[in-house]
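In my numbering, the protein residues as written are 3 to 324.
Structural data, given as structure tokens:
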């Protein structure tokens, strides 16, 4: 028998305000046709002043706990992935902990931008398998609207705000049974200038704005995502043909399509929510997973691959049987 991290429940949260391409075009030099053709995005959610990375994470966590059928007091570990924390410190995870009424548990943030949720899942899985916790809350939550340059139409149309969360629990199971079967993570800091924020505490003393070289990021994303998915499946003796669902980082519909073609995956096996939510960075994978679980596509027993790439560059993949 092997101690594994199994998926117990999922949840997500979106800001109240939905912004269509047409509404965005009223203040940005763009159009619905231009955005859809290049990205597949039709809508995104933008946080209001009273909505933050923490409040979205709290809402998503409560829904995940409800879906898992467990009380918050059972959580022994909270790992929250974000590039847009409420404060420089303390960790936004501790704000979630307090709001959920958990008096004491391990709680910290992970910063790996769009790959953050994959990094957070991998860390939580390792801690569960090591016996540090028996139940964990893993969250991706972002308010990227706060770091957008709303005069740069090449970037501001791509992003939205949101949160997704999963509850993982320890379970003794046979090899290959349900749970997280394999994870692979990578980073290559040589590509910093391709996707970054031009501010920081120790450099400018400001938050800064997001900057991106879109064509270069697109090229690296397709190559890296296809490679890491194949690498992760190969570790457990599987191929893309064994996969029931791929839940990718929701950056751009064209990236998702190109990655699927590179892996010879049928488009109908790829969960896509980028049209509704745009790119929500670390929140995009758990948000898309929650959508697919709740609408019945992802079912118990399915083999699911989660994968993402973000600034840094960082990228990774996780294979789990639901």
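Using N, Cα and C, we set each Cβ at its ideal position, and we do this for glycine too.
Roughly how many angstroms lie between the CA atoms of residue i and residue j, to the nearest whole one?
{"i": "residue 184", "j": "residue 81", "result": "19 Å"}
{"i": "residue 91", "j": "residue 111", "result": "10 Å"}
{"i": "residue 121", "j": "residue 250", "result": "14 Å"}
{"i": "residue 124", "j": "residue 308", "result": "11 Å"}
{"i": "residue 271", "j": "residue 204", "result": "43 Å"}
{"i": "residue 9", "j": "residue 17", "result": "25 Å"}
{"i": "residue 215", "j": "residue 193", "result": "10 Å"}
{"i": "residue 304", "j": "residue 15", "result": "24 Å"}
{"i": "residue 289", "j": "residue 296", "result": "11 Å"}
{"i": "residue 100", "j": "residue 106", "result": "9 Å"}
{"i": "residue 264", "j": "residue 56", "result": "37 Å"}
{"i": "residue 322", "j": "residue 306", "result": "5 Å"}
{"i": "residue 227", "j": "residue 145", "result": "24 Å"}
{"i": "residue 147", "j": "residue 54", "result": "10 Å"}
{"i": "residue 171", "j": "residue 88", "result": "27 Å"}
{"i": "residue 268", "j": "residue 299", "result": "15 Å"}
{"i": "residue 104", "j": "residue 79", "result": "10 Å"}
{"i": "residue 201", "j": "residue 195", "result": "13 Å"}
{"i": "residue 34", "j": "residue 28", "result": "11 Å"}
{"i": "residue 151", "j": "residue 13", "result": "30 Å"}
{"i": "residue 50", "j": "residue 164", "result": "12 Å"}
{"i": "residue 219", "j": "residue 275", "result": "20 Å"}
According to DSSP, what are the bridge partners of residue i?
{"i": "residue 112", "result": "83"}
{"i": "residue 3", "result": "Paired residues: none, contrary to the question."}
{"i": "residue 121", "result": "Partner(s): none; residue 121 has no beta bridge."}
{"i": "residue 107", "result": "Paired residues: none, contrary to the question."}
{"i": "residue 249", "result": "308"}
{"i": "residue 14", "result": "166"}
{"i": "residue 296", "result": "DSSP output for residue 296 lists no bridge partner at all."}
{"i": "residue 145", "result": "163"}
{"i": "residue 33", "result": "According to DSSP, residue 33 bridges with nothing at all."}
{"i": "residue 62", "result": "Paired residues: none, contrary to the question."}
Is the CB-CB distance between residue i and residue j below 8 Å?
{"i": "residue 126", "j": "residue 286", "result": "no"}
{"i": "residue 239", "j": "residue 118", "result": "no"}
{"i": "residue 162", "j": "residue 280", "result": "yes"}
{"i": "residue 137", "j": "residue 37", "result": "no"}
{"i": "residue 277", "j": "residue 262", "result": "no"}
{"i": "residue 59", "j": "residue 98", "result": "yes"}
{"i": "residue 74", "j": "residue 102", "result": "yes"}
{"i": "residue 210", "j": "residue 149", "result": "yes"}
{"i": "residue 66", "j": "residue 169", "result": "yes"}
{"i": "residue 314", "j": "residue 187", "result": "no"}
{"i": "residue 166", "j": "residue 291", "result": "yes"}
{"i": "residue 230", "j": "residue 248", "result": "no"}
Just confirm the distance between the C-beta atoms of residue i and residue j, as a whole number of angstroms; I'd bet it's less than 8 Å.
{"i": "residue 160", "j": "residue 48", "result": "Not confirmed; about 13 Å, so no contact."}
{"i": "residue 132", "j": "residue 109", "result": "In fact, because the Cβ distance is near 17 Å, the residues do not count as touching under 8 Å."}
{"i": "residue 85", "j": "residue 115", "result": "5 Å"}
{"i": "residue 46", "j": "residue 21", "result": "6 Å"}
{"i": "residue 63", "j": "residue 130", "result": "In fact, because the Cβ distance is near 17 Å, the residues do not count as touching under 8 Å."}
{"i": "residue 221", "j": "residue 198", "result": "Residue 221 to residue 198, Cβ: 17 Å. No contact."}
{"i": "residue 77", "j": "residue 26", "result": "That pair is no contact at about 38 Å."}
{"i": "residue 224", "j": "residue 260", "result": "5 Å"}
Give the DSSP-derived three-state secondary structure of residue i in the structure shown.
{"i": "residue 214", "result": "strand"}
{"i": "residue 91", "result": "coil"}
{"i": "residue 136", "result": "coil"}
{"i": "residue 354", "result": "The chain is shown only over 3 to 324; residue 354 falls outside these bounds and no answer can be derived."}
{"i": "residue 22", "result": "strand"}
{"i": "residue 266", "result": "coil"}
{"i": "residue 254", "result": "coil"}
{"i": "residue 185", "result": "strand"}
{"i": "residue 375", "result": "No statement about residue 375 is possible, as the shown extent of the chain runs from 3 to 324 and does not include it."}
{"i": "residue 175", "result": "strand"}
{"i": "residue 208", "result": "coil"}
I'd like to know whether the C-beta of residue i is nearer than 8 Å to at least one C-beta of chain B.
{"i": "residue 133", "result": "The structure shown contains no chain B, having only a single protein chain."}
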